[in-house]
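Working notes, beginning with the structure itself.
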Amino acid sequence: MRFSFLTVVAIAPFLLLSVSSSPLQIENYFNNHFYSQEDQGVLKFSHGEIISGSHAKSSLPHLPLHDIDLDETLKPLDSDGLFSLHKQLIQISSISGNERNISLLLGDYLTNMGLTVEYIQSGSRFNLYAYLGKTRDTKVMLTSHIDTVPPFIEYYLKEDEIHGRGSCDAKGSVVAQIVAFKQMVADKKIKEGDVSLLYVVDEEKGGTGMRDVDSVIEANWDTVIFGEPTTNKLAVGHKGVYYFELKTTGIAGHSGYPEYFVNANSHMIEFMYALINDDWPTDELLGPTTVNIGLYKGGVADNVISPESTATVIMRISVEAEIIKDIVDNVISKISKKLGLKDSEFPLEFRLIGSADPTFLDYEVPGFETYIASYFTDIPNLTQRGFKRYLYGPGSILVAHGANEFVKVDDLVNAVEGYKNLTIYALENN
């Protein structure tokens, strides 16, 4: 069934809402009448028309694009919308869990480019899969994420740096990929069936968006290029994670008489020291395994022997998680024995929160430097279908989650060329 693109269509109860209605009125209507948190489906929009997908639950309101007031220094560089789209995406808060508005705006933008756009639902939010024409299986897919960590930080320009939350992680990658795509189409370097785009939610909080896409998308690719801050270098891979919580218990008492009580903090410090100073394995490509004690909580007052202590540890691992598990188990056993806790009423409690093996990537492409990523990405959340995998993007991870997040103007421009070169290489060498 086909409908005019000039209307937003509700399949039931056969009501048509004109796009001349306000965006808030339209969105409220769909939220009240058609939206279900549990629903997950795919809705296709193509240039000039709406196509009802086989899993579609409802049509969507549009979040209108608006003119962006760019700094005079950026206007001469903005012929393909690189900096205006970048600014507009940064100005929309899209903290994980709150990506609905950016999905709607970006979906409209891609539709206006002439692409077929599929909205793939994740709770109240939407992932976007876009391509030329009707060919869903493409030789190359460019992908990144549209969510950010908190807090929201306003856009501002400081000399040659574009600041704001998501400026480099990962709205810089999103925009550079889209502009690279536009330029390759304009230059007739790509055609229908060559390249698709995928933009997902929730990467920063566990990858629900990519996993939801993975569970319903019926498409495959020869090469997938993932966008994350790599300082415009190709990552050889990224480390895995081993994420756990430790808890020790004791007996509270007056701090002047420690010999009569059991100090949970002292026991925890022994464990933490042993973990930090163990001989952790190293990989030739990914480098050393590292230990970070991210959260520590213990005690009730300065002058009280601590009755309880808890620590949360995230390890960035360069070898298989099973190897790390064995080493952690050995450290726990060794220190428990040293402190006499193994068969006591105060044993160490261990709780595994999550783990994942390292990811090794394709990276040997002429003209590209290489990079080791110590962070985790969405790459493992997209089931390997035999495609090559590259990780590349503008900006530095060292500023990505901080109050001073930025991407340099030249890095954003160069990333467009990098994505084009990488895409053409993949098309010619599959």
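Read left to right, the sequence shown gives residues -21 to -1, 1 to 409 (mature numbering (1 follows the signal peptide of the UniProt record, and there is no 0)). Backbone N, C-alpha and C define an ideal beta-carbon position, used for all residues, glycine too. Owing to the predicted nature of the structure, the values given are computational and were not obtained by experimental measurement.
Euclidean distance between Cα positions of residue i and residue j
i, j, result
"residue 311", "residue 249", "10 Å"
"residue 237", "residue 251", "21 Å"
"residue 218", "residue 259", "14 Å"
"residue 128", "residue 182", "9 Å"
"residue 396", "residue 152", "12 Å"
"residue 35", "residue 305", "Residue placement at residue 35 is flagged as unreliable, the pLDDT there being 34, under the threshold of 50; the coordinate-derived value follows with that caveat. Roughly 46 Å between the two C-alpha positions."
"residue 184", "residue 208", "17 Å"
"residue 363", "residue 172", "20 Å"
"residue 393", "residue 291", "39 Å"
"residue 75", "residue 316", "43 Å"
"residue 405", "residue 332", "37 Å"
"residue 91", "residue 57", "18 Å"
"residue 114", "residue 299", "38 Å"
"residue 52", "residue 78", "30 Å"
"residue 96", "residue 225", "46 Å"
"residue 131", "residue 205", "24 Å"
"residue 373", "residue 110", "23 Å"
First through last residue of the alpha helix (DSSP H) which encompasses residue i
i, result
"residue 364", "No alpha helix (DSSP H) contains residue 364, which DSSP labels as neither H nor E."
"residue 187", "187 to 195"
"residue 231", "Careful: residue 231 lies outside any alpha helix (DSSP H) and carries neither H nor E."
"residue 58", "Counting along the chain, residue 58 falls outside any alpha helix (DSSP H), and DSSP gives it neither H nor E."
"residue 302", "300 to 318"
"residue 264", "From DSSP, residue 264 is part of no alpha helix (DSSP H); its letter is neither H nor E."
"residue 249", "243 to 256"
"residue 379", "376 to 379"
Bridge-paired residues (DSSP) for residue i
i, result
"residue 214", "350"
"residue 104", "101"
"residue 271", "293"
"residue 276", "289"
"residue 342", "Note: residue 342 sits in no beta bridge, so no partner."
"residue 227", "288"
Rounded Cβ spacing between residue i and residue j (contact assumed at less than 8 Å)
i, j, result
"residue 178", "residue 124", "7 Å"
"residue 107", "residue 156", "12 Å between Cβ atoms; not a contact."
"residue 126", "residue 72", "Contact flag wrong, Cβ pair sits at about 10 Å."
"residue 261", "residue 246", "Contact doesn't hold; Cβ gap of about 29 Å is too wide."
"residue 340", "residue 368", "5 Å"
"residue 117", "residue 174", "6 Å"
"residue 338", "residue 297", "Incorrect: roughly 11 Å between the Cβ atoms, too far for contact."
"residue 352", "residue 370", "6 Å"
"residue 385", "residue 141", "6 Å"
Beta strand (DSSP E) segment containing residue i, residue limits
i, result
"residue 385", "385 to 387"
"residue 335", "328 to 335"
"residue 204", "202 to 206"
"residue 178", "174 to 179"
- [ ] Starting from the N-terminal side, write out each stretch of the alpha helix (DSSP H) that is 4 residues or longer and does not extend beyond the stretch 77 to 165.
- [x] Whole alpha helix (DSSP H) segments, 4+ residues: 79 to 91, 150 to 165.
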